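For the sequence shown, this note's numbering assigns the number 698 to the initial residue and increments by one for each residue that follows.
Working notes, structure below.
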Amino acid sequence: MKYYGICPASCGEFVQGVMDRAEYLCSYAVDLYSTAEVEEKLNNINLGPLKSRKAIEAVFKKFNIPVEESKNISLKIRSKIPVGKGMASSTADIGATIGATLGLIKKELSSEEIAKLASTIEPTDSIYIEKNSIFNPLNGEVIRYLGNVKDLRVVILEPNSTLNTMRIRKTPNYKKIKTQNKEIIKISFSLLEEGIKSNDMHKIGKASTFSSLANESIHKKEGLEKIIEISKNYGAYGVNVAHSGTVVGILIDKSMNDTRLIELLKNERLDSVYKKMYTSNIIYGGIRGEQTWNTSKIL
Numbered sequence: 698m699k700y701y702g703i704c705p706a707s708c709g710e711f712v713q714g715v716m717d718r719a720e721y722l723c724s725y726a727v728d729l730y731s732t733a734e735v736e737e738k739l740n741n742i743n744l745g746p747l748k749s750r751k752a753i754e755a756v757f758k759k760f761n762i763p764v765e766e767s768k769n770i771s772l773k774i775r776s777k778i779p780v781g782k783g784m785a786s787s788t789a790d791i792g793a794t795i796g797a798t799l800g801l802i803k804k805e806l807s808s809e810e811i812a813k814l815a816s817t818i819e820p821t822d823s824i825y826i827e828k829n830s831i832f833n834p835l836n837g838e839v840i841r842y843l844g845n846v847k848d849l850r851v852v853i854l855e856p857n858s859t860l861n862t863m864r865i866r867k868t869p870n871y872k873k874i875k876t877q878n879k880e881i882i883k884i885s886f887s888l889l890e891e892g893i894k895s896n897d898m899h900k901i902g903k904a905s906t907f908s909s910l911a912n913e914s915i916h917k918k919e920g921l922e923k924i925i926e927i928s929k930n931y932g933a934y935g936v937n938v939a940h941s942g943t944v945v946g947i948l949i950d951k952s953m954n955d956t957r958l959i960e961l962l963k964n965e966r967l968d969s970v971y972k973k974m975y976t977s978n979i980i981y982g983g984i985r986g987e988q989t990w991n992t993s994k995i996l
């Protein structure tokens, strides 16, 4: 019997940076998905991606099941999430795999427990949590629940270039630069919290733009200031980035004409850098199970 787990992508983070001597982030989920399929087999076993394989083993260890018994589990990952762009592709693969494995062994874990388990494999983000949250990517701990945004979309600007998250974290002076940005990050998190709790899109956008600009000292996004200028003039709420990736997001609501906004960006030749420009809905986070989702719609 096959079991499925489904996990959404992110488009970077609203805010990410150092606050109170530790690094925190608040990412958000979009309607692109990774789907994991697991089944027990005697032969023709597909191992799947290494990190996802480690996720299966981590679930077995969590429930004191001998890891050796996971050797007969075949794993397939199907994903529409761009890789290496800061859209949580491996995070989503890991989360989807954990969800599918839990179905296979008939066990349950809370979203918070899944996040902590995933963080033992690699630094993770808050897309496992249903509500937008201030979150520690290194240990998977939720610091504060903020709530959910409504009727918000994102115009995603995706370049061809990729970036390895771990490589960014090993950048010389990474921690020093992050610490230097802590005051603006503190303000950004405060604005974000106010914005989400009151569903004030302008505050959410302002917080995201502040954090995006602060991150320029760590990983510069080509044309970011021009993107912010165009977005502001058009009436978009703000701009966010993948702080450890290459995508840029422009936050808009459902009534805004995303096609026209993309035309304006192309008029400034930003498509020479950001080869793909498309719009996604911002959705609730959390791992979906096979009982609640029709996997044929998203594969």
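Note that the Cβ used here is the ideal one computed from N, Cα and C, for glycine as well.
Owing to the predicted nature of the structure, the values given are computational and were not obtained by experimental measurement.
Residue j beta carbon less than 8 Å from that of residue i
| i | j | result |
| --- | --- | --- |
| V970 | E913 | no |
| N769 | K803 | no |
| I853 | Y975 | yes |
| G837 | A797 | no |
| V851 | I947 | yes |
| G783 | G709 | yes |
| E855 | K973 | yes |
Residue i (DSSP reduced to helix, strand or coil)
| i | result |
| --- | --- |
| I927 | helix |
| E838 | strand |
| S707 | strand |
| T992 | Unreliable positioning characterises T992 in this predicted model, as indicated by a pLDDT of 48, which lies under 50. The coordinate reading is nonetheless provided below. If DSSP states are grouped into helix, strand and coil, T992 belongs with the helices. |
| M716 | strand |
| K773 | strand |
| K917 | coil |
| V846 | coil |
| R985 | strand |
| S724 | strand |
| T976 | strand |
Residue i, buried or exposed, once every other Cβ within 10 Å from all chains shown has been counted against 16
| i | result |
| --- | --- |
| A719 | exposed |
| N857 | exposed |
| V780 | exposed |
| M716 | buried |
| M898 | buried |
| R985 | buried |
| Q988 | Summary for Q988: the model assigns pLDDT 44, below 50, so the residue's position carries little reliability; its value from the coordinates is reported in the next sentence. Label assigned to Q988: exposed. |
| Y701 | buried |
| T943 | buried |
| L747 | exposed |
| S807 | exposed |
| L961 | exposed |
| S776 | buried |
Own chain partners of residue i with C-beta closer than 8 Å, once the 5 adjacent residues on each side are dropped
| i | result |
| --- | --- |
| E890 | I831, R841 and L843 |
Any non-hydrogen atom of the ligand ADP closer than 7 Å to residue i Cβ
| i | result |
| --- | --- |
| G709 | No copy of the ligand ADP occurs in the structure displayed, which carries no ligand at all. |
Own chain partners of residue i with C-beta closer than 6 Å, once the 5 adjacent residues on each side are dropped
| i | result |
| --- | --- |
| V712 | C723, S885, F886, L889, A904 and S908 |
| P820 | P834 and L835 |
| K900 | L888, E891 and G892 |
| F757 | V764 and S767 |
Own chain, CB closer than 7 Å to residue i, minus 5 neighbours either side, in chain order
| i | result |
| --- | --- |
| N743 | S771, L772 and K773 |
| G982 | P705, A726, S823, I824, Y825, I826 and E827 |
Checklist entry - Taking one C-beta from the stretch 788-795 and one from the stretch 815-826 each time, how about it: are there three or more such pairs within less than 8 Å? => result Two segments are said to touch when three or more pairs of C-beta atoms, one from each, lie closer than 8 Å; by this definition the stretch 788-795 touches the stretch 815-826.
Checklist entry - How about the stretch 734-754 and the stretch 927-939: do they share at least three Cβ pairs that are nearer than 8 Å? => result No: fewer than three Cβ pairs fall under 8 Å.
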